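Below is one structure, written out as structure tokens, with a few remarks after it.
Residue numbers (full-length UniProt numbering): 1 to 264.
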């Protein structure tokens with residue numbers, strides 16, 4: 001995953017084009033943690049989730065394997081960003097990120113499908129407070145604009161499938177089949193997924209910048225394929241109308257899995 005998001009220009013596009021997440025999502029997560037002292041935000045990227053979590057918890061540690069992504073993250077006094085390698089021993093992890101039994105909630109926004117789950121879940125169990133420490137992971141799926149733009153989008157998305165990494169299937173499946181060995185949080189009968197939605201105002205240029213932030217776009221580019229060919233852009237322009245200048249509301253459905261570590 002790291003090499004797909006370490007390019008500086010790619011990191012800039014990611015920070016510019018990706019949606020933020022709704023307060024309802026964070027309020028739901030915060031309502032499930034008895035304490036609100038420390039968050040570990042995994043795959044924090046440019047900090048979209050970390051900055052909101054910093055309003056609801058005393059401290060946030062945001063980690064990412066991409067220093068270029070972290071360079072674009074918003075800095076706040078109660079957020080500590082840590083550049084982590086792809087593999088880290090448990091002792092080094094405790095020293096660099098968080099000590100055992102100290103974290104109230106682990107969050108992973110749009111990144112769990114890239115992570116080596118057995119080693120990650122070992123880290124999660126070691127740092128979450130027992131028995132009510134919470135892990136909350138979510139992904140967002142294909143945007144919804146209007147029938148014409150959606151049709152143009154799906155023509156491109158279906159064509160782009162050979163350039164997506166295999167892990168993308170977990171997003172397409174709304175994380176339903178992703179390994180998640182945790183107990184339901186208090187008040188809930190299952191670990192989800194639970195659905196939310198976020199919105200972003202975009203003109204066509206911003207929408208195309210979002211597409212250029214895809215990992216598949218970078219993969220295609222490396223193979224000499226321009227995903228946003230003149231023909232494809234013209235297709236979007238026709239669908240969008242108004243020479244692409246109209247600002248439309250783009251909705252991104254979000255799917256949350258949430259659980260607690262238990263006594264383990």
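No residue lacks a Cβ here, since even glycine has one placed at the ideal position from N, Cα and C.
Keep in mind that this is a model prediction, so the values were computed, not measured.
Query	Result
Environment of residue 138 [buried if 16+ CB atoms lie within 10 Å]	buried
Alpha carbon of residue 103 to alpha carbon of residue 160, nearest angstrom	39 Å
Whether residue 60 touches residue 79 by CB criterion (8 Å)	yes
Whole-angstrom distance between residue 45 and residue 65, CA atom to CA atom	9 Å
Extent of the continuous alpha helix (DSSP H) run through residue 147	147-159
Residue 83 to residue 120 span [Cα, whole Å]	16 Å
Straight-line Cα distance separating residue 49 from residue 150	26 Å
Rounded Cβ spacing between residue 168 and residue 193 (contact assumed at less than 8 Å)	Residue 168 to residue 193, Cβ: 16 Å. No contact.
Proximal residues to residue 232 (C-beta, below 7 Å), its chain only, five neighbours per side dropped	156
Residue 1 versus residue 115 - alpha carbon distance	Annotation note: pLDDT 45 at residue 1 (below 50); position unreliable, no value reported.
Outcome for residue 11 when other beta-carbon atoms lying within 10 angstroms are tallied against a minimum of 16	Per-residue confidence for residue 11 stands at a pLDDT of 48, beneath the threshold of 50, marking its modelled position as unreliable; the derived number appears in the next sentence. Classification of residue 11: buried, given that the 10 Å Cβ count is 16 or more.
Reduced DSSP secondary structure (H/G/I, E/B, other) of residue 198	strand
C-beta atoms of residue 185 and residue 254 nearer than 8 Å	no
Straight-line Cα distance separating residue 228 from residue 217	9 Å
Three-state secondary structure (DSSP) of residue 277	No information on residue 277 is available, as it lies outside the stretch 1 to 264 that the chain covers here.
Residues near residue 197 by beta carbon distance below 8 Å, same chain, minus five either side	22, 251, 252, 253 and 254
Rounded distance between the beta-carbons of residue 40 and residue 127, thought under 8 Å	6 Å
Environment of residue 91 [buried if 16+ CB atoms lie within 10 Å]	exposed
Beta-carbon proximity list for residue 187, same chain, < 6 Å, skipping 5 on both sides	none
Inter-residue spacing [alpha-carbon to alpha-carbon] between residue 3 and residue 237	Summary for residue 3: the model assigns pLDDT 48, below 50, so the residue's position carries little reliability, and this model does not support an answer.
Rounded Cβ spacing between residue 247 and residue 201 (contact assumed at less than 8 Å)	5 Å
Under 8 Å between C-beta atoms of residue 34 and residue 101	no
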